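This report refers to the structure that appears directly beneath it.
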Amino acid sequence: MRTLVLVVALLCLVLPVNAQEAGPHGLFRGEVVTRWLDEPRRMQLVEDFAYVAPDELVWDAPAGWIIDGASIPRFAWSIVGGPYEGNYRRASVIHDVACDRKERPWKLVHRAFYTAMLAAGVDAMKAKLMYAAVYFGGPRWDSSVNVATSSPFGPDAPSAVYMRTHRVEPDYAIVHPAAPPDGTTGSGPVFSSTLFFEAHEETLLTEQQFEVLRAKIEAEDLSLEQIEGYEPD
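Note that the sequence shown covers residues -19 to -1, 1 to 214 in mature numbering (1 follows the signal peptide of the UniProt record, and there is no 0).
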């Protein structure tokens, strides 16, 4: 009987926490544990850390990775503080690593930053303001996907491999199998690798223009789509 009471008591303590972590905005795995490096603002992750987005896509930040908060525009720090302050730091770490890697489209990376902030308990309005900051002032990159398929010349002949490169939109990727020059369909396995390269580093809004957008977001509670479509006067 005492064992049953103890189990019930433990469940009362554990279940609310797990329910909160596994909420609609995703959850975090591990904690942000770092050590400061000699260079200003640069830290190295001591333990593995990860964020699981609502779509179950995992954004990991492996131990040993060096972060510096550079993916967050400096002018946006006044909104919630520096990149390592409060609950916001967990989303900042995930965003830093994803922007360094450039393994996924830039818009997807910034969207994950937004949902990670919500999962971390950042106020919804502040999360929108920070999303606007990284959308217009954060890193962007172009991407392409190399897709290959093989087509055998005959039963005993070696296979020929055909490669075709596809542009990838910033928020999604549709991969079409490559086809041999004669128009026939390749019969071998299809594989792909994604290549990314920096598109630009300049901000799309000045600090003054961002303040106008900030006021508009706060006054009208703009959606993410409205923020993305914003154009300064």
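The beta-carbon is built from N, C-alpha and C at its ideal position, and this holds for glycine as well.
Bear in mind the structure is a predicted one, so any value in this text is a computation, not a measurement.
Following the DSSP letters along the chain, one finds tyrosine 112 in no beta strand (DSSP E) but inside the alpha helix (DSSP H) bounded by residues 105 to 118. If you draw a straight line from the Cα of leucine 205 to the Cα of leucine 8, it comes to about 21 angstroms. Here aspartate 49 is near arginine 22, since their CB atoms are less than 8 angstroms apart. Here phenylalanine 94 really is in contact with histidine 76; their C-beta atoms are around 4 angstroms apart, less than 8 angstroms. DSSP places alanine 31 in the uninterrupted beta strand (DSSP E) bounded by 30 to 33.
Take the alpha-carbon of valine 103 and the one of leucine 194: they are about 20 angstroms apart. When beta bridges are read from the DSSP output, aspartate 41 appears opposite Ala31. Linking glycine 118 to proline 54 through their CA atoms gives a straight-line distance of about 6 angstroms. About 21 angstroms separates the Cβ atoms of cysteine 80 and serine 59, ruling out a contact at the 8 angstroms cut-off. Excluding five sequence positions before and after tyrosine 116, the CB atoms of its chain that fall closer than 7 angstroms to its own CB belong to His91, Ile208 and Glu209, given in chain order. By DSSP's assignment, threonine 15 forms a beta bridge with Leu26. By the beta-carbon neighbour count (other beta carbons within 10 angstroms, threshold 16), threonine 187 is exposed.
DSSP places leucine 194 in the uninterrupted alpha helix (DSSP H) bounded by 188 to 201.
For arginine 10, no alpha helix (DSSP H) segment is defined; the enclosing uninterrupted segment is the beta strand (DSSP E) at 8 to 10. Distance check between glutamate 37 and each of Gln189, Pro5, Ala196 and Lys107 places Pro5 closest, using alpha-carbon atoms only.
Residues Gly11, Val13 and Ala42 of the same chain have their beta carbon placed closer than 6 angstroms to that of phenylalanine 30, with the five preceding and five following residues left out of the count. Each residue's CA atom was taken as its position, placing alanine 97 and aspartate 214 some 31 angstroms apart. One Cα belongs to glutamate 28, the other to threonine 15, and the distance between them is close to 7 angstroms. Alanine 105 and leucine 203 have their C-alpha atoms some 11 angstroms from each other.
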